[in-house]
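Residue numbers for the sequence shown follow full-length UniProt numbering, beginning at 1 and rising by one. By construction, the Cβ of each residue, glycine as well, lies at the ideal position given by its N, Cα and C atoms. What follows is a single structure, written as structure tokens, with notes after it.
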Amino acid sequence: MLGFLLVQITFFQTDEEFYAMNGFQEINETSAHGRRHKRQTREKYYTYDGECGSCYAFGALGALEAYHKRKTGKLLDLSVQNVIDCTWYLGSNGCRGGWMIPIFIHAQKYGIAAEKKYPYVRRASRSCKWRKELAVAKDEGFYAIKPGDELGLQHAVAKHGPVVVAMAGHRRGFRFYKSGIYNDPGCDKPTHAVLVVGYGTHKTLGDYWIVKNSWGTHWGRNGYAYMTRNKGNMCFIATFASLPA
Numbered sequence: 001m002l003g004f005l006l007v008q009i010t011f012f013q014t015d016e017e018f019y020a021m022n023g024f025q026e027i028n029e030t031s032a033h034g035r036r037h038k039r040q041t042r043e044k045y046y047t048y049d050g051e052c053g054s055c056y057a058f059g060a061l062g063a064l065e066a067y068h069k070r071k072t073g074k075l076l077d078l079s080v081q082n083v084i085d086c087t088w089y090l091g092s093n094g095c096r097g098g099w100m101i102p103i104f105i106h107a108q109k110y111g112i113a114a115e116k117k118y119p120y121v122r123r124a125s126r127s128c129k130w131r132k133e134l135a136v137a138k139d140e141g142f143y144a145i146k147p148g149d150e151l152g153l154q155h156a157v158a159k160h161g162p163v164v165v166a167m168a169g170h171r172r173g174f175r176f177y178k179s180g181i182y183n184d185p186g187c188d189k190p191t192h193a194v195l196v197v198g199y200g201t202h203k204t205l206g207d208y209w210i211v212k213n214s215w216g217t218h219w220g221r222n223g224y225a226y227m228t229r230n231k232g233n234m235c236f237i238a239t240f241a242s243l244p245a
């Protein structure tokens with residue numbers, strides 16, 4: 001793995017700690033797009049405290065916040081707790097992981113509450129506290145990118161904005177990423193959800209994606225990372241990619 005820097009961080013030090021908090025359930029465009037799309041999502045993160053594997057909810061709601069911003073001009077802070085408490089019926093497992101598309105289905109049917117009305121408590125409940133009057137954002141369904149199609153993912157980011165994806169987030173290189181363009185040919189399976197907010201090309205290191213993680217601003221470049229693009233769908237970044245419609 002070349003072209004990126006690792007850093008030792010403290011919020012998860014062992015594989016057991018990482019998997020406890022990891023929340024993905026298995027089954028002429030430039031980086032200016034990335035800088036613009038970053039401003040379409042709230043800078044919200046979770047920490048290790050509470051061991052809630054909710055990355056799928058953070059990623060999907062980041063895409064939904066950007067979708068709502070494009071449609072209305074208003075940037076919302078949507079409730080992760082609403083999602084992890086209320087999407088069990090679609091196959092989600094609360095703090096033990098889930099998929100992103102069911103969140104878009106739920107948002108279309110019921111809508112999502114604001115964070116301040118349904119705050120995050122880092123644990124899941126099967127008692128959904130959502131009420132109709134709390135809904136502040138809905139979608140009209142979802143788009144799913146053809147699995148493995150990096151060009152399709154690029155076009156979606158350029159045309160529609162941030163796209164939530166699954167990737168091999170359990171790899172140590174990613175867990176302790178600090179800077180540079182992350183490149184790991186050894187990625188073996190998608191285990192973690194992140195938000196692709198842009199892309200670009202470095203004059204010597206080549207094409208890259210800009211991804212927003214949910215592990216805090218102390219991770220990576222203030223919570224973001226650059227990942228290799230157009231190298232065989234590295235780390236499965238375009239295998240499970242979707243966004244609200």
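Residue pairing of I181 in beta bridges, as defined by DSSP: Y226. H155 carries a helical assignment under DSSP once its states are collapsed to helix, strand and coil. Ranking A107, L195, T201 by CA distance to the CA of F142 puts A107 first. Put simply, the backbone Cα of N213 is about 8 Å away from that of A225. DSSP places V83 inside the alpha helix (DSSP H), whose first and last residues are 80-86.
By the Cβ test, the region 54-74 is in contact with the region 205-222, since at least three Cβ pairs between them sit closer than 8 Å.
In terms of CA proximity to L195, A241 leads the group R96, A241, I105. The residue from K132, G152, S125, M167 with its alpha-carbon nearest to that of M100 is M167.
With fewer than 16 other CB atoms across the displayed protein chains lying within 10 angstroms of its CB, G232 is exposed. Beta-bridge partners of K231 (DSSP): none assigned.
By the Cβ rule, the region 195-205 does not count as touching the region 111-127, because fewer than three pairs are nearer than 8 Å. Fewer than three beta-carbon pairs drawn from the region 149-158 and the region 123-141 are found closer than 8 Å, and the two stretches are therefore not classed as touching.
Within the same chain, Cβ atoms closer than 7 Å to the Cβ of Q81 are found at Y118, P119, Y120, V121, the five residues on either side in sequence being excluded. The Cβ atoms of V164 and L243 sit closer than 8 Å to each other. Assignment of Y118 by DSSP, reduced to helix, strand and coil, places it in the coil class.
Look at A168 here: in three-state DSSP terms it is coil, with no helix or strand label.
In terms of CA proximity to V157, R70 leads the group C52, S127, A124, R70. For the pair C52 and C95, the CB atoms are nearer than the 8 Å cut-off. According to the DSSP secondary-structure assignment, F176 is paired through a beta bridge with no residue. The shortest C-alpha to C-alpha distance from T191 to any of F104, Y177, R171 is the one to R171.
In this structure, DSSP gives F240 a state outside helix and strand, which the three-state scheme calls coil. Y208 is positioned such that its CB atom lies no closer than 8 Å to that of T239.
Remark: C-beta atoms of I103 and S54 do not approach each other more closely than 8 Å. In this structure, DSSP gives K189 a state outside helix and strand, which the three-state scheme calls coil.
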